[in-house]
Amino acid sequence: MSVIAELSIFPMDKGVSMSPYVARVVTVIKQSGLAYDFGPMGTTVEGDWDEVMQTVSACYKELEKDCDRIYLTLKVDSRKGRTNGLKGKTDSVAAKLEK
Numbered sequence: 001m002s003v004i005a006e007l008s009i010f011p012m013d014k015g016v017s018m019s020p021y022v023a024r025v026v027t028v029i030k031q032s033g034l035a036y037d038f039g040p041m042g043t044t045v046e047g048d049w050d051e052v053m054q055t056v057s058a059c060y061k062e063l064e065k066d067c068d069r070i071y072l073t074l075k076v077d078s079r080k081g082r083t084n085g086l087k088g089k090t091d092s093v094a095a096k097l098e099k
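Once you know that position 44 of the sequence shown is 44 in the numbering used here, the rest is easy, because the numbers rise by one and skip nothing.
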């Protein structure tokens, strides 16, 4: 089953700028080999359930190394038979907006 998950994760004990920590998490996602799309409020990842959840766990463990408080939100859309969902979902809406 194809899963698209939007992940937002950052430490709550490291001051105002989260970009160094977000960069670490995005690096973990990139290294997973899964399709992903980085955005201003979260990163969307696509793959099968186990791969995506393994990646979410790896992101948490990356921050856990030096963060005492971590905030994480996760939204998941699973759908049988879907391929290329990251691009397909946005392309579908964009096509309707052009009409």
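Just so you know, even glycine gets a beta-carbon here, dropped at the ideal spot from N, CA and C.
Judged by pairs of C-beta atoms under 8 Å, the stretch 54-72 touches the stretch 7-26, as three or more such pairs exist.
Apart from sequence neighbours up to five positions away, the residues of its chain that approach Asp77 with a beta-carbon distance below 6 Å are Ile4, ordered along the chain. Within a 10 Å sphere around the beta-carbon of Gly47 sit 16 or more other beta-carbons, which makes this residue buried.
Here DSSP, grouped into helix, strand and coil, assigns Ser19 to helix. Nearest C-alpha to Thr83 among Gly15, Leu34, Leu97: Leu34. Burial is judged here by how many other beta carbons sit within 10 angstroms of a residue's own beta carbon; Thr90 has fewer than 16 and is exposed. Judged by DSSP in its simplified three-state form, Lys87 adopts helix.
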